[in-house]
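Below: the structure, in structure tokens.
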Amino acid sequence: MATSLKDIEFPKTYSYSSDAEHVPFEFYNQVFPISKRIDLFLGYFNSYTFSILSESFAEFIYNGGSMRIITNHFYSPLDKENLLNEDGGRSRPSHSTSTT
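Quick note on numbering: the sequence shown equals residues 1324 to 1423 in our numbering.
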């Protein structure tokens, strides 16, 4: 197991793709456990990803890692509900609606 990024043997192209020899999950499973901070810029958020990477995320959290996730505004109904409930509503839009 790698203890730093220097220990990881990255592909020569430094490229990961779903339809290539080196898939993104391979990268995530190697770097998440040894990372201190992760900034994820995602087009679409899906909590299923966290279940696939649960062991890597568990090590990341256990080691005191912090994460920021930036996504667009499209969520499944279940993911939206879970996100809003877990953070006390902090991710709710800040605009107000008027009923006058």
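Ideal placement from N, C-alpha and C gives every residue a C-beta, glycine not left out. All values reported here derive from a predicted model rather than from experimental measurement.
Item: On the premise that F1355 lies in contact with F1380, defined as a C-beta separation below 8 Å, what is that separation, rounded to the nearest angstrom?; Value: 6 Å
Item: Cutting at 6 Å between CB atoms, please list the residues of its own chain near F1350, excluding the five before and the five after it.; Value: Y1339
Item: Would you call the CB atoms of L1376 and F1333 closer than 8 Å?; Value: no
Item: Looking at the unbroken beta strand (DSSP E) that takes in I1361, where does it start and where does it end?; Value: 1360-1364
Item: With the cut-off set at 8 Å, would you say M1324 and I1361 are in Cβ contact?; Value: no
Item: What residues in its chain sit with their C-beta under 7 Å from that of F1364, if we drop five residues either side in the sequence?; Value: I1393
Item: Using only alpha-carbon positions, find the residue among N1352, V1346, K1359, T1326 that is nearest to I1384.; Value: K1359
Item: Rounded to the nearest angstrom, what separates I1357 and Y1337 at their Cα positions?; Value: 18 Å
Item: What is the C-beta distance between G1366 and N1395, in whole angstroms, given that I count them as a contact (C-beta under 8 Å)?; Value: 6 Å
Item: Just list the residues that DSSP pairs M1390 with in beta bridges.; Value: I1361
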